[in-house]
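Before any comments, here is the structure.
Numbering (my numbering), first residue to last: 1 to 96.
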């Protein structure tokens, strides 16, 4: 995934050295500059992650879930055209 400009991931506060709110206060909504991440690629951009092989009855509450979860994910979670990773290490070079 060299030269990928945008990736999506979540951060577990247990593994941060500071507060999650510090990131917003320091950097705003986007982290500018060259950041490096070592992680596990979960989903490639535009990869279909829907489960087309569901054998459950498609009635009632299950229909609500199957119709609403993709919409919720696309608005609050990973956009379809962005890769998703599980980060192991995130760093930024401060000198060369």
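The C-beta atom is built at its ideal place from N, Cα and C for all residues, glycine as well.
Looking at the secondary structure, which residues open and close the alpha helix (DSSP H) in which residue i lies?
{"i": "residue 94", "result": "Element bounds for residue 94: n/a, residue is neither H nor E."}
{"i": "residue 80", "result": "No alpha helix (DSSP H) contains residue 80, which DSSP labels as neither H nor E."}
Measuring only the C-alpha atoms, how far is residue i from residue j?
{"i": "residue 10", "j": "residue 18", "result": "15 Å"}
{"i": "residue 12", "j": "residue 88", "result": "11 Å"}
{"i": "residue 85", "j": "residue 93", "result": "20 Å"}
{"i": "residue 22", "j": "residue 77", "result": "21 Å"}
{"i": "residue 63", "j": "residue 72", "result": "14 Å"}
{"i": "residue 15", "j": "residue 5", "result": "24 Å"}
{"i": "residue 43", "j": "residue 95", "result": "32 Å"}
{"i": "residue 90", "j": "residue 25", "result": "18 Å"}
{"i": "residue 74", "j": "residue 68", "result": "10 Å"}
Any idea if residue i is buried or exposed, counting beta-carbon neighbours within 10 angstroms, 16 or more meaning buried?
{"i": "residue 34", "result": "exposed"}
Are residue i and residue j close, meaning C-beta to C-beta below 8 Å?
{"i": "residue 36", "j": "residue 81", "result": "no"}
{"i": "residue 79", "j": "residue 8", "result": "yes"}
{"i": "residue 83", "j": "residue 41", "result": "yes"}
What residue does the beta strand (DSSP E) around residue i start on, and which one ends it?
{"i": "residue 24", "result": "No beta strand (DSSP E) holds residue 24; the alpha helix (DSSP H) holding it covers 20-27."}
{"i": "residue 33", "result": "Where residue 33 is concerned, there is no enclosing beta strand (DSSP E), given that its DSSP letter is neither H nor E."}
With a threshold of 8 Å between beta-carbons, can residue i be considered close to chain B, or not?
{"i": "residue 32", "result": "Of the protein chains in the structure, only one exists, and it is not chain B."}
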